[in-house]
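Engineer: Residue numbers (my numbering), protein chains in the order written: chain V, 689 to 1067; chain Z, 689 to 1067; chain L, 689 to 1067; chain E, 689 to 1067.
Number of protein chains: 4
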Amino acid sequence: MIGYGFMGRAHSNAYKRLNDFFPLDHRVVLQVACARNAEKVKAFADNWGYSRVETDWKKVIEAPDVDVVDICTPNDTHQEIAIAAAKAGKMILCEKPLARTVAEAEPMVEAVEKAGVANMVWFNYRRVPAITLAKQLIDEGRIGRPFHMRSNFLQDWTISADLPQGGAGLWRLDVAAAGSGVTGDLLAHNIDTAMWLNGPITRVTAKTETFIKERPHVLTGKVEKVGIDDACLFICEFANGSLGLFESTRYARGHKALKTFELNGADGSVAFNLEEMEYLDFFEYKQSSGETAESHVRGWRRIHVTNGEHPYMDRYWVPGLVIGYEHTFINALADFVRGIESGKHTQPNFRDALQTQKVCEAVLESGKTGQWVSTGVSA
Amino acid sequence: MIGYGFMGRAHSNAYKRLNDFFPLDHRVVLQVACARNAEKVKAFADNWGYSRVETDWKKVIEAPDVDVVDICTPNDTHQEIAIAAAKAGKMILCEKPLARTVAEAEPMVEAVEKAGVANMVWFNYRRVPAITLAKQLIDEGRIGRPFHMRSNFLQDWTISADLPQGGAGLWRLDVAAAGSGVTGDLLAHNIDTAMWLNGPITRVTAKTETFIKERPHVLTGKVEKVGIDDACLFICEFANGSLGLFESTRYARGHKALKTFELNGADGSVAFNLEEMEYLDFFEYKQSSGETAESHVRGWRRIHVTNGEHPYMDRYWVPGLVIGYEHTFINALADFVRGIESGKHTQPNFRDALQTQKVCEAVLESGKTGQWVSTGVSA
Amino acid sequence: MIGYGFMGRAHSNAYKRLNDFFPLDHRVVLQVACARNAEKVKAFADNWGYSRVETDWKKVIEAPDVDVVDICTPNDTHQEIAIAAAKAGKMILCEKPLARTVAEAEPMVEAVEKAGVANMVWFNYRRVPAITLAKQLIDEGRIGRPFHMRSNFLQDWTISADLPQGGAGLWRLDVAAAGSGVTGDLLAHNIDTAMWLNGPITRVTAKTETFIKERPHVLTGKVEKVGIDDACLFICEFANGSLGLFESTRYARGHKALKTFELNGADGSVAFNLEEMEYLDFFEYKQSSGETAESHVRGWRRIHVTNGEHPYMDRYWVPGLVIGYEHTFINALADFVRGIESGKHTQPNFRDALQTQKVCEAVLESGKTGQWVSTGVSA
Amino acid sequence: MIGYGFMGRAHSNAYKRLNDFFPLDHRVVLQVACARNAEKVKAFADNWGYSRVETDWKKVIEAPDVDVVDICTPNDTHQEIAIAAAKAGKMILCEKPLARTVAEAEPMVEAVEKAGVANMVWFNYRRVPAITLAKQLIDEGRIGRPFHMRSNFLQDWTISADLPQGGAGLWRLDVAAAGSGVTGDLLAHNIDTAMWLNGPITRVTAKTETFIKERPHVLTGKVEKVGIDDACLFICEFANGSLGLFESTRYARGHKALKTFELNGADGSVAFNLEEMEYLDFFEYKQSSGETAESHVRGWRRIHVTNGEHPYMDRYWVPGLVIGYEHTFINALADFVRGIESGKHTQPNFRDALQTQKVCEAVLESGKTGQWVSTGVSA
């Protein structure tokens, strides 16, 4: 484990709990936690039960008793660590976004593919049971020809102008570390989900905005220009002919983690909202038998995705009892391990994440030029 | 039209609008408005377009140009007017509850049946399209063996101890005029709906409460003991073996007209809430084909009851556009007129309303004695 | 009344009911209904109580007993009728959109302003009590610096390829009659609401799409190219620096009239959904006293907009009882008449509607060119 | 740990995770898992990391390396184990209900109090952050004089007549093992929550029902009379003068774990639903300043109980990200350990649970006799 921030905690929790819930041939052993601050990483390791600590990530990469490296550091460090880890033959789990730019990401993909190591990027929301169920309903043909997808990720935690950029917990506001603002941090999730559910996004037109133009920088101690996008809105075309509408911001008062999507097709629609992640809303126009559903009883169904027959839910409690945010990481990890055990590696891997990176980059470019931009992603 | 209060307005509106929306052989003519206060009834009649006014209801009953009498006066006057109107051969529409007591109500039923005049009691909520749809789903066999019904009518407008009892608009707080409090005013609606949907209520055990024990009385000018029930809760048995749970109060802070019901059967459930009356919630366990619905897509459906194929809705606007409270009266009136025109009289008539009165009376008696009481209502 | 379609009904209903609910110095008299089809307009007039019919709208314009002309015909006829009516000195109520294009609309504005006649365009949704309340909350300073507005109008009624374009009830699919598709029909409403609440929209970038490329044309009997936009999505800048995101379609399976908006400001947010129009959702971050609200009790409030202190609601029933779609027209009409009586004319008038037309036109142009387009609307 | 069923899993998970999230002076060590089936308890112990297994619970009680005993066995065994554990000086955590009857429970209370050992009963729902927040709002005086409480626990998993009684996972249907049906299993939770929030329940009148009269018994292999209550409804009086209405059933089609409550007071109301446990709904009538809230912005607030200032939530993730069912056990355990460390023992202890047992027993008695029954619980 390299890094010990919010994601370091979330992933560590997943490692510790994986074998409690999922029957697998392998058991996770928490070997090393690594970060530059020796004191803090020691406390982190003690809390989560890592056997030892390091302050130089290269030591982790070289360690013969390490099979898997998890990269939870800020985005600007992903590339160097990942390529070194690949060369060392380690399996790699990398926090999203894969990198700051496509240019940074491409060599990472090459490295893992050349090394032939198992790899995954932590787009954990694919493993929300309700979202996995949405994928299942689509694969069952219940949505039909898709027309529209809309997806938001709305937060409100940076409205105060007093909030600094950079520093512990706030590197996401520092463009040098993060690469971008909401586009890489939040929309990357929505884009990953969207392309998983609805296929490639081919063209985009976007608007980005930085509402607070200057903020104190923790590292320099000065008020500096803010380089990230506070908000990003884009319209897109999917390869399948449907239209997309995406919005992300940290200035939507009243929303803390309102990650949503809705997909409308000729035969049905699905909708999801992370703040009440136990539900999937589903509108069925055509019944599975092929018959049109009786029109007087049509309506949006709130599926409480907690039954044993719902994705992942047979591993947890009983119908009606909800799991939470953290279980998405456990589920993802289970899929990763099952992929290794079965030889059918799970997704999204580095190459999948590169597609999302391309869309993000096209979005950011369009935000600058005001033009439609092709993403270069294809089916 | 005898009376000009809140219900006088609601009914008058229905009379004026009936022929705008429903194709019928007859047209409503607003002939006479009657109330003791000459000035006020004149203003009322002018507003709604009644041709003339009277201050003595007996003049209305005797008037040869009056075919239908609508009784919108306080409950203590229903009996005398209704019996006189029946004797005069008038059709009668009577506001609910039918009377203050079963003893008052029974001669009214006898009178209309003996006279053979068309009669209806304004349990208008049967004509909320969503509730009518619930009835339809039950009749289609979608609920199966019923186990439970629960139903509330929660308000919060009498919490202030300063509110007087009696007087204009407040006769509902005066037991002499109203007969009872929430039991006759609110629960009567729920009981009517419940027995329409789920059959006779046979036994009850109840708790009634008066939270504010004394209130100024407008008519006497003194602080007097409050005789009505501020709240009423009861458990009941239905003839079909299912169990009911009812609650009404005017002390549920935050609720203005939260009239709800939910019916659970072996094959499905329906739920309704008057504050968002455009919806019916429906859970389907067994599909109409007889097959069990695929379990991973089961969920409560929010049916937006505004389509042309929904009850009454073909008479109004287009799908998605809601109608309101007042339309329940128009729909009820349409059914009444269609009943006359077709010879198949609509419900609930006086006899139906007597059954509801019996349940109310059993509830009030149980509230006093603490014992289970048989209602005397049978299938 | 010129026209007798869906809007002819909705407006007629408003005229008939205005004086029942609103105390005004003037009473509406339904003088003439006019349409080319003599038989149909006769039936319409009989139903709604118009004194006489005409088949030539010029007769209506010339009639000395007509004070107000209501234009409910397809969009391609608005200009000619409106200019003639203005010249004849009639007050004018015109259905939205004002015209098919800005070029058509501008002479209309000139005509009414030159003639000095009262005029209003039926953007009725401003008069949904919940939307009027949103305006009030904004004017009270409860939202603070605005950052984001998003607004949808989603329907699903044209998904079937069998639906013809043109003809009775379907002229909205015929570009010659309608001028555009969802942009003029649906987004015009959202734009009007948005600019009323959040000020001028200055720049837009849009995507328009026609999913079904050809449809049978009822008038020609042939399968013809569809000229309207089936869907329209746009991103915009408001003059106040906030960002907007709009979407409209008739291909969103499961939605019948999902007109929504949400406005996020530094101090609070409001959200609305027409399908449950009795609610306004409000998130208050800063309390009116200027103090920050206690953070542990913050949440989105569902305001059930049915109290006497809510806009327009003192004219109808009692708290908790909902009104419907049709009442927005009554409310608008009341404002129009009160405007005339008070000398302070109501909005939106033709000039206001021209601003919306300009935004629509910029959107359609951007949909063609893929470029950002300035609307020419200013504060 | 004695027992390895559903609760054995839920508690084990809590033990393993406690120190990951809560800073405490003590660390949990999973010493022994015990059950009669040696093979199954071995698998259970391996999965959750218990050091060793036993098949005789007396061995656990006697073990010198065991400080705390957790009783997760069926209800008929609670008494014997608990009294023995108390005598052995062990701290005790006992699954609810405390016992099958008051007569069984009383000696348990005496035993732990005589032994002076720390003790807690797993009424875990008090530790749902939203419910703890409700308690906080009540303690802050935001609800005012209470009038009404209503509370449901609705499930639908025993509707099928094919389901056997008794045996693994189904002992809850066997009256010998469970003592009662939904009353002890489900309503005990609601009663505990209700008395925590609203004080003692003093009198009850109840209706119990067994819909499926006979079921195959797994242990005997015969079809036997069902002795449990499938459903239980009761009305009650609280010592503070408010009225309660409770319902529980396993026959409410469409509900899996719909545990709800709503409390209405003069100054405000709170409402909760376990199926979306991340929310607390709160209606504030009187603002904290003592001023009446501005009436046009009043509404039910959906508080998304995931902020750092909400109970327990500072220990988990970031605002907007939900925790789940299992965290209620971690939170409860943290309170238990903090209670021991601080010397201020947490609740509910055995004595508190005895009060709930008394109410359950009064409810069951009333279900048999049809009379109002005093609970014997006082303030």
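Idealized CB from N, CA, C, for every residue including glycine.
Any chance the region 1006-1018 of chain L sits against the region 842-861 of chain L, with 3 or more Cβ pairs inside 8 Å?
Structural biologist: No: the two stretches stay apart, fewer than three of their Cβ pairs being nearer than 8 Å.
Engineer: Considering only C-alpha positions, which residue in the set V:A698, V:R697 and V:Q1045 is nearest to L874 (chain V)?
Structural biologist: On the first sequence, position 186 is the one that residue 874 (chain V) refers to. Cα-wise, what sits closest to L874 (chain V) is V:Q1045.
Engineer: In whole angstroms, give me the CA-to-CA distance for G691 (chain Z) and E727 (chain Z).
Structural biologist: Walking along the second sequence from the start, residue 691 (chain Z) turns up at place 3. Walking along the second sequence from the start, residue 727 (chain Z) turns up at place 39. Roughly 13 Å between the two C-alpha positions.
Engineer: For D755 (chain V), I'd like the list of residues in its chain whose CB is within less than 8 Å of its CB, leaving aside the five on either flank, ordered along the chain.
Structural biologist: Translated into positions along the first sequence, residue 755 (chain V) becomes position 67. If we look at D755 (chain V) and ignore the five residues flanking it on each side, its Cβ neighbours are K778 and M779.
Engineer: Assess, as a yes-or-no matter, whether the region 778-795 of chain V is touched by the region 815-832 of chain V under the definition of 3 or more beta carbon pairs within less than 8 Å.
Structural biologist: Too few Cβ pairs lie closer than 8 Å, so no.
Engineer: Can M965 (chain L) and V1010 (chain Z) be called in contact, C-beta distance under 8 Å?
Structural biologist: Numbered from its first residue, the third sequence carries residue 965 (chain L) at position 277. Numbered from its first residue, the second sequence carries residue 1010 (chain Z) at position 322. Yes, these two residues count as a Cβ contact at 8 Å.
Engineer: From the DSSP output, in three-state form, read off N878 (chain E) for me.
Structural biologist: By 1-based counting over the fourth sequence, the position of residue 878 (chain E) is 190. Helix, per DSSP.
Engineer: Hey, out of L:S1062, L:A1041 and L:E982, whose CA is closest to N807 (chain L)'s CA?
Structural biologist: One-based indexing of the third sequence puts residue 807 (chain L) at position 119. It is L:A1041 whose Cα lies nearest to the Cα of N807 (chain L).
Engineer: What are the boundary residues of the beta strand (DSSP E) that includes K895 (chain Z)?
Structural biologist: Residue numbering aside, residue 895 (chain Z) sits at position 207 when the second sequence is read from its first letter. Note, K895 (chain Z): beta strand (DSSP E), I889 to E897.
Engineer: Is the separation between the beta-carbon of E783 (chain Z) and that of M695 (chain Z) shorter than 8 Å?
Structural biologist: By 1-based counting over the second sequence, the position of residue 783 (chain Z) is 95. By 1-based counting over the second sequence, the position of residue 695 (chain Z) is 7. Closer than 8 Å, so yes.
Engineer: Considering G932 (chain E), what are the terminal residues of the beta strand (DSSP E) in which it resides?
Structural biologist: On the fourth sequence, residue 932 (chain E) is found 244 positions in, with the first residue counted as 1. That run of the beta strand (DSSP E) goes L931 to T937.
Engineer: Among the candidates L:K944, L:Q767 and L:V720, whose CA atom is the shortest distance from the CA of P752 (chain L)?
Structural biologist: Taking the third sequence and counting its residues from 1, one reaches residue 752 (chain L) at position 64. Here the closest residue by C-alpha is L:V720.
Engineer: Taking only the alpha-carbon atoms, compute the straight-line gap between A894 (chain E) and F922 (chain Z) and give it to the nearest angstrom.
Structural biologist: Translated into the one-based positions of the fourth sequence, residue 894 (chain E) becomes position 206. Translated into the one-based positions of the second sequence, residue 922 (chain Z) becomes position 234. When rounded, the distance between both Cα atoms is 10 Å.
Engineer: At a CB distance below 7 Å, what residues from the region 927-960 of chain V approach chain E? Give them in sequence order.
Structural biologist: Taking 7 Å as the Cβ-Cβ cut-off against chain E, the residues of the region 927-960 of chain V that qualify are K944 and A945.
Engineer: Assuming S839 (chain L) is part of the beta strand (DSSP E), what are its boundary residues?
Structural biologist: Stepping through the third sequence from its first residue, residue 839 (chain L) is reached at position 151. Run containing S839 (chain L): P834 to L842, per the beta strand (DSSP E) assignment.
Engineer: Please list the segments of the beta strand (DSSP E) lying wholly inside the region 770-802 of chain Z, counting only runs of 3 or more residues, in order along the chain.
Structural biologist: Whole beta strand (DSSP E) segments, 3+ residues: 779-782.
Engineer: Could you give the DSSP three-state label for R941 (chain V): helix, strand or coil?
Structural biologist: Counting from one through the first sequence, the residue named residue 941 (chain V) turns up at place 253. Note: R941 (chain V) maps to coil in three-state DSSP.
Engineer: What are the start and end residues of each continuous alpha helix (DSSP H) run of 4 or more residues lying completely inside the region 992-1035 of chain L, in chain order?
Structural biologist: Counting whole runs of 4 or more residues, the region 992-1035 of chain L contains the alpha helix (DSSP H) stretches 1015-1030.
Engineer: Quick check: is the beta carbon of N735 (chain L) nearer than 8 Å to any beta carbon in chain Z?
Structural biologist: As a first step, residue 735 (chain L) is located in the third sequence; it is residue number 47 there, counting from the start. Judged by the 8 Å Cβ criterion, N735 (chain L) is in contact with chain Z.
Engineer: Under 8 Å Cβ-Cβ, which residues of chain Z neighbour L921 (chain E)?
Structural biologist: Looking up residue 921 (chain E) in the fourth sequence gives position 233. Ordered by position in chain Z, the residues that pass the 8 Å Cβ test against L921 (chain E) are I923, L931 and L933.
Engineer: Suppose the cutoff is 7 Å on Cβ atoms and the five residues either side in sequence are ignored; what does the same chain contact list for K901 (chain V) look like?
Structural biologist: Within the first sequence, numbered from 1, the residue matching residue 901 (chain V) stands at position 213. Closer than 7 Å at Cβ, skipping near neighbours: K913 and V914.
Engineer: Restricting to Cα atoms, I'd like to know which of E:V985, E:N763, E:F1038 and E:N995 is closest to L825 (chain L).
Structural biologist: The count along the third sequence starts at 1 and reaches residue 825 (chain L) at position 137. Selected option, being the one with the closest Cα: E:V985.
Engineer: Could you round the C-beta distance between C722 (chain L) and W745 (chain L) to whole angstroms and report it? I think they count as a contact, below 8 Å.
Structural biologist: Here the question's residue 722 (chain L) lines up with position 34 in the third sequence. Here the question's residue 745 (chain L) lines up with position 57 in the third sequence. Sure, about 5 Å apart at Cβ, within 8 Å.
Engineer: Going along chain V in order, which residues have a C-beta closer than 9 Å to the C-beta of Y973 (chain L)?
Structural biologist: Walking along the third sequence from the start, residue 973 (chain L) turns up at place 285. By Cβ distance, chain V contributes D844, I847, R941 and G942.
Engineer: Quick one, are the C-beta atoms of A959 (chain E) and E950 (chain E) less than 8 Å apart?
Structural biologist: Mapped onto the fourth sequence, residue 959 (chain E) falls at position 271. Mapped onto the fourth sequence, residue 950 (chain E) falls at position 262. The answer is yes: Cβ separation under 8 Å.
Engineer: Please determine if the region 967-975 of chain Z and the region 986-1005 of chain Z are in contact, where contact requires at least 3 C-beta pairs separated by less than 8 Å.
Structural biologist: Counting Cβ pairs under 8 Å, three or more are found: they touch.
Engineer: Relative to the C-alpha of R652 (chain V), which residue among V:L706, V:S983 and V:S1066 is closest?
Structural biologist: Nothing can be reported for residue 652 (chain V), as the shown portion of chain V is limited to 689 through 1067.
Engineer: Output yes if chain V places a C-beta closer than 8 Å to the C-beta of V1065 (chain E); else output no.
Structural biologist: Position 377 of the fourth sequence, counted from the start, is the residue given in the question as residue 1065 (chain E). By this cut-off, V1065 (chain E) is not an interface position.
Engineer: Can you check DSSP and say which residues form a bridge with P904 (chain L)?
Structural biologist: Within the third sequence, the letter at position 216 stands for residue 904 (chain L). In the DSSP output, where bridge partners are listed per residue, P904 (chain L) has L:V911.
Engineer: Report buried or exposed for E673 (chain V), applying the criterion of at least 16 other Cβ atoms within 10 angstroms of its Cβ.
Structural biologist: This structure gives no information on residue 673 (chain V), because the portion of chain V shown stretches from 689 to 1067.
Engineer: Kindly list, in the order they appear in chain E, the residues whose Cβ is closer than 8 Å to that of T893 (chain Z).
Structural biologist: If you number the second sequence from 1, residue 893 (chain Z) lands on position 205. Under the 8 Å cutoff, chain E gives T893, K895, I923 and G1058.
Engineer: Which one or two residues does DSSP pair with V756 (chain L) in a beta bridge?
Structural biologist: Within the third sequence, numbered from 1, the residue matching residue 756 (chain L) stands at position 68. Beta-bridge pairing links V756 (chain L) to L:M779.
Engineer: Measuring straight from C-alpha to C-alpha, what distance separates R740 (chain L) and R903 (chain L)?
Structural biologist: Reading the third sequence from its first residue, position 52 is the one you call residue 740 (chain L). Reading the third sequence from its first residue, position 215 is the one you call residue 903 (chain L). Distance between the alpha carbons of R740 (chain L) and R903 (chain L): 38 Å.
Engineer: Strictly below 7 Å CB to CB, what residues from chain L border L758 (chain Z)?
Structural biologist: Reading the second sequence from its first residue, position 70 is the one you call residue 758 (chain Z). At residue 758 (chain Z) the sequence reads Asp, which differs from the Leu that was named. Those do not exist, as D758 (chain Z) stays about 17 Å from chain L at its closest Cβ, beyond 7 Å.
Engineer: Do A774 (chain Z) and I759 (chain Z) count as a contact pair if the criterion is CB distance below 8 Å?
Structural biologist: Indexing the second sequence from 1 puts residue 759 (chain Z) at position 71. Indexing the second sequence from 1 puts residue 774 (chain Z) at position 86. No.
Engineer: Using a 10 Å radius around the Cβ and a threshold of 16 neighbouring Cβ atoms, would you call P1036 (chain V) buried or exposed?
Structural biologist: Start at 1 with the first residue of the first sequence, and residue 1036 (chain V) comes out as number 348. P1036 (chain V) comes out buried.
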